[in-house]
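Numbering (the numbering used here), first residue to last: 1 to 291.
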């Protein structure tokens, strides 16, 4: 079985943000949040090559992405342009050396770009074909010729792009996929070794616990190996870090009392003195926006 890998711990394209979006300057009665990273939905894209070891960069996962072979640089450029033009998403990109590698990774992806070389038109195994046919991800086939067309229809590819037309057609194909997608109001996290969606609306608050974080929902909780800084960056605008060790969801706040936030189910979340003023201001903006 061929080795799988993720390039440079996954590449991410996203806008930067300063401060909390709800505290941004108002313009004509509306809050200007156009440059907020947290307004962007995160999508996950996997490039899968079945063209053999010689076709895929496997040398050093920590080297910069521009040391990739020209074909993969072009794929990355086309994706980046499509995502930037759409404007609603940030993305993470991973490269795999086989379909079985993605299957075994247990990671969830939104888009697959499947590269088929001239000599690999019939190289997919039956179980790989079946898995691709049943995947929820949209598949864009990037092929070195038309011999894979019949199999492409069998697995239900979204678009078939010829390698020779990559500059013209791949960006367009990715754009068409993005047009059918809506930013998901949730966070993709690894829980018990599997990728799972945690919807923003289900999160009441988050507590730091050593090198991990505990996500509290209405009746359950999950422990994830993520830092509070990471979670703060990935969560939506309805969340605020009210304490070094706590993040709270505005949607479930009943009231703010002294150095505590009282949630609608009567649970209490600590608020640091230093962050209380900011919390109250941002929560006030949130309430105005919701009303």
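Note that CB positions come from ideal geometry on N, CA and C, so glycine has one too.
If one requires a minimum length of 3 residues, the beta strand (DSSP E) runs lying completely within the stretch 209-282 are 212-216, 221-224, 239-243, 246-249, 253-257, 260-263, 268-270, in chain order. In terms of Cβ geometry, residue 99 and residue 149 do not form a close pair [threshold 8 Å].
Straight-line spacing of the CA atoms in residue 208 and residue 248 works out to 12 Å. The Cβ atoms of residue 93 and residue 45 sit closer than 8 Å to each other.
If the five residues before and after residue 147 are omitted, its C-beta is found closer than 7 Å to the C-beta atoms of 121, all from its own chain and listed in chain order.
Cβ-Cβ distances below 6 Å link residue 212 to 223, 225 in the same chain, with the five nearest sequence neighbours on each side left out; the list follows chain order. When only Cα atoms are considered, residue 240 and residue 221 end up about 19 Å apart. Within the stretch 105-174, the complete alpha helix (DSSP H) segments of 4 residues or longer fall at 126-134, 149-155, listed in chain order. Judged by DSSP in its simplified three-state form, residue 193 adopts coil rather than helix or strand. Under DSSP, residue 199 shares a beta bridge with 186.
Counting along the chain, residue 75 sits inside the alpha helix (DSSP H) bounded by residues 70-86.
For residue 154 against residue 181, the beta-carbon gap comes to about 24 Å, at or over 8 Å, which does not count as contact. The alpha carbon of residue 195 has as its nearest neighbour, out of 204, 264, 104, 86, the alpha carbon of 104. In the three-state reduction of the DSSP assignment, residue 288 falls in the helix class. Distances from the CA of residue 188 to each of 124, 78, 203 were compared; the closest alpha carbon is that of 203. A distance below 6 Å between beta-carbons, with the five flanking residues on each side excluded, links residue 259 to the following residues of its chain, in chain order: 271.
Here the C-alpha atom of residue 214 lies approximately 49 Å from the C-alpha atom of residue 118. In the displayed model, residue 103 falls within a helix according to three-state DSSP. The Cβ-Cβ distance between residue 168 and residue 143 does not fall below 8 Å.
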